[in-house]
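With the UniProt record's numbering as the guide, the letters of the sequence shown map in order to residues 1 to 287. Remarks on the structure that follows.
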Amino acid sequence: MSGTSSYTLNSGVTIPKVGLGVYDIPIEATEDVVYEALKAGYRHVDSAATYDNEEQAANGIARWLAENPTHKRSEIFYTTKVFDDHHGYQLTRQSVEESLAKAARIGYIDLVLVHSPRSDYNMRHGTWNALQEFAASGKVKNIGVSNYGIKHLRELLAYPDLKIKPAVNQIELHPWLLRPRLVNFCKKNNIVVEAYSPLARGYKFDDPDLLAVARRHKKTPTQILIAWSLQKGYVVLPKTAKISRLKPNLDVFDIKLSTDDLKQLEKPGEHFNTGWDPTVYPLDNEK
1 MSGTSSYTLN SGVTIPKVGL GVYDIPIEAT EDVVYEALKA GYRHVDSAAT
51 YDNEEQAANG IARWLAENPT HKRSEIFYTT KVFDDHHGYQ LTRQSVEESL
101 AKAARIGYID LVLVHSPRSD YNMRHGTWNA LQEFAASGKV KNIGVSNYGI
151 KHLRELLAYP DLKIKPAVNQ IELHPWLLRP RLVNFCKKNN IVVEAYSPLA
201 RGYKFDDPDL LAVARRHKKT PTQILIAWSL QKGYVVLPKT AKISRLKPNL
251 DVFDIKLSTD DLKQLEKPGE HFNTGWDPTV YPLDNEK
């Protein structure tokens, strides 16, 4: 298998299991890193309005497609996100139009996510209505959320004018942040789970249990963590600005972690967030 191995979203569209996250990749490097990732076998790129590198990410895709005319745009899955400061119907429409303009060379966006639930009911509701309109227009192929907790998902699924359920919930996940209730809720509602910061930003690379499993499989800790996400059924989004790491991060599909490996890796007693955690953001009636 390769980076083109995929899951099927509730829209019927397929999404590659491994994607390149471009968070924190310098603007001037983003186009080249995305281009090299596609050369290495990636078919999935994950950006966001707040990363300030959407145009460069899309240009990397466009450049690779121009140089490889036997490959079609439909083989590439490109994601972006609407940030908190553009919640609400009008601002979300503005944000997505800007993202579409930056992605003009690739024609459309495969997935737009609400980056986090940090506003209020009316703003989140307006945002979702705007995204539903873009999905109906075909300019955006799928819509979903990121950093939504169970309560935020329940709120969304109860919208009286809901036409399209979220295809994805992108959340931080790794063996030190398991979130079993949230993951199970997503799966029960046919929402694909995407794991960001799957390497725990490198904070746990010296974990003795991780190192032991890596030695056993003759793989790097990074490869074991990517394989862990895949084995849990997640889309996994490792981030790297180093071109030399792109191929090794895809060389994971032959790793089969045993029950003992999983037990050794997973730390259910920890809740190690490497950054923010909007999944706990209060609903209006909790403030």
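Using N, Cα and C, we set each Cβ at its ideal position, and we do this for glycine too. As the structure is a computational prediction, the values presented were derived from the model and not from experiment.
| Query | Result |
| --- | --- |
| Jot down the residue ranges of each uninterrupted alpha helix (DSSP H) in the segment 41 to 90, minimum 4 residues, whole runs only, in chain order. | 54 to 67 |
| With DSSP as the reference, label Met1 as helix, strand or coil. | With a pLDDT of 37 at Met1, under the threshold of 50, the modelled position of that residue is not reliable, and the figure given next carries that caveat. Three-state DSSP puts Met1 in coil, outside helix and strand. |
| Use the C-beta contact count for Asn53: other C-beta atoms within 10 angstroms, 16 or more gives buried, fewer gives exposed. | buried |
| Run the CB neighbour count on Pro166, radius 10 Å, all protein chains shown included, and call it buried at 16 or more, exposed below. | buried |
| Measure from the alpha carbon of Ser11 to the alpha carbon of each residue in Gly144, His125 and Tyr121, then state which is nearest. | Gly144 |
| Looking only at its chain, what residues have a beta carbon closer than 8 Å to the beta carbon of Gln264, apart from the 5 residues adjacent to it on each side? | Asp209, Ala212 and Val213 |
| What's the gap between the Cα of Lys267 and the Cα of Ile255? | 20 Å |
| Assign Ile224 to one of three DSSP states: helix, strand, or coil. | helix |
| Would Ala29 count as contacting chain D if we go by Cβ distances under 9 Å? | Although the question refers to chain D, the structure presented lacks it and comprises just one protein chain. |
| Which full runs of the beta strand (DSSP E) of 3+ residues lie inside the segment 117 to 156, going along the chain? | 140 to 146 |
| May I ask you to report which of helix, strand or coil DSSP gives Gly12? | coil |
| Measure how close the beta-carbons of Ala200 and His217 come, nearest whole angstrom, since I'm counting them as under 8 Å. | With 8 Å as the limit, Ala200 and His217 do not qualify as a contact, their Cβ atoms being about 18 Å apart. |
| Tell me whether the beta-carbon of Val236 lies closer than 9 Å to the beta-carbon of Ala195. | yes |
| For Ala241, which residues of its own chain have a beta-carbon under 8 Å away from its beta-carbon, when the five flanking residues on both sides are left out? | Asp24, Ile25, Pro26, Ala29 and Val33 |
| Determine, using beta-carbon pairs with one atom in the segment 47 to 64 and one in the segment 100 to 109, whether at least three such pairs fall under 8 Å. | yes |
| Identify, in the order they occur along the chain, each residue of the same chain with its Cβ nearer than 8 Å to the Cβ of Pro282, setting aside the five sequence neighbours on each side. | none |
| Can you check DSSP and say which residues form a bridge with Leu237? | Tyr196 |
| How far does the alpha helix (DSSP H) with residue 355 in it extend, from its first residue to its last? | Only positions 1 to 287 of the chain appear in this structure, which leaves residue 355 out of reach. |
| Excluding five sequence neighbours on each side, which residues of the same chain lie with their C-beta closer than 7 Å to the C-beta of Asp84? | His115, Ser116, Arg118 and Ser119 |
| So what does residue 293 bridge to, in DSSP terms? | A query on residue 293 cannot be resolved here, the shown segment of the chain reaching from 1 to 287 and no further. |
| Just verifying my parser: in three-state terms, what is the DSSP assignment at Ile25? | coil |
| Can you tell me where the beta strand (DSSP E) holding Val168 begins and where it ends? | Val168 to Glu172 |
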